[in-house]
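All remarks here apply to the structure that follows.
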Amino acid sequence: MTAEEIINYTKVADQYIIEIFSQSTTALPEAERLFSHILNAQHIWAKRILGIEPLYGVWEIHSRQDFKKISEENFKIIHEALNENMLDQVIYYQNSKGIRYENQIADILFHLFNHSTYHRGQVVTLLKEAGFEPPITDYIILKRDHLL
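Just so we're aligned, residue 1230 is where the sequence shown starts under the working numbering, counting upward by one.
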C-alpha cells in the first residue's frame, strides 16, 4: 500500500461522514466535536511536517457546514507536505504542550491516518446511536467495491 492509497482512503471515508453531517438537521454535538478533532489533527500534523504553525487547536470545534471545506484544505496540505518531503525524513516539532519531539514523516502519517480511523469509528457509533444508518468506511469493503 502506498502513502497515496492511504491518503485517498482517509479522504473518501471522511467524505462519507461529512455527507451525513451535511444532510442532517439533528444536533450531534459529541459527534461534531470528535469529527472536528479528526480534522484538527490532520491539519496540525500536516502543518508540523511543513514546519508551519497550525491554524486550529487540537479540540477546536468547527461548524458542520465547514467540515467539507476544512477537509479539502487538509488534504491539499497533506499532499503538499508529501510533495516537499521524503517519507524517511525526520522532522522536529512541538506538541500542543510545547514538548519537542522528532519522528520520521512516514511514522507521523501512519499515526495521522490511524488516529483518523480510530475517531471515525467513534463518530460512526454516535451516529448509529442517534438513529442514522452509518456509512461503510471499512478499507477492504471500499476497495472491493472499487470506491478507492
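Just so you know, even glycine gets a beta-carbon here, dropped at the ideal spot from N, CA and C.
Between which two residues does the beta strand (DSSP E) harbouring residue i extend?
i	result
Asn1332	Arg1329 to Gln1333
Could you name the residues of the same chain whose beta carbon sits closer than 7 Å to that of residue i, not counting the 5 residues immediately before and after it, in chain order?
i	result
Ile1249	Leu1356, Phe1361 and Pro1364
Asn1312	none
Give the range of the alpha helix (DSSP H) segment to which residue i is assigned.
i	result
Ile1320	It is not in any alpha helix (DSSP H) - Ile1320 instead sits in the beta strand (DSSP E) that spans Val1319 to Gln1323.
Tyr1368	Tyr1368 to Arg1373
Cutting at 6 Å between CB atoms, please list the residues of its own chain near residue i, excluding the five before and the five after it.
i	result
Ala1335	Leu1316
Can you give the Cα-Cα distance for residue i and residue j, rounded to whole angstroms?
i	j	result
Tyr1330	His1340	14 Å
Val1287	Leu1376	30 Å
Pro1283	His1266	13 Å
Thr1346	Gly1327	26 Å
Ile1299	Leu1268	7 Å
Take residue i as the anchor and find which of the options has the nearest alpha-carbon.
i	options	result
Glu1261	Leu1371, His1348, Asp1374 and Tyr1285	His1348
Gln1333	Ser1325, Ala1310 and Val1353	Ala1310
### Message
Quick test of the definition: if touching needs 3 or more C-beta pairs under 8 Å, does the stretch 1300 to 1309 touch the stretch 1269 to 1282?
### Response
yes
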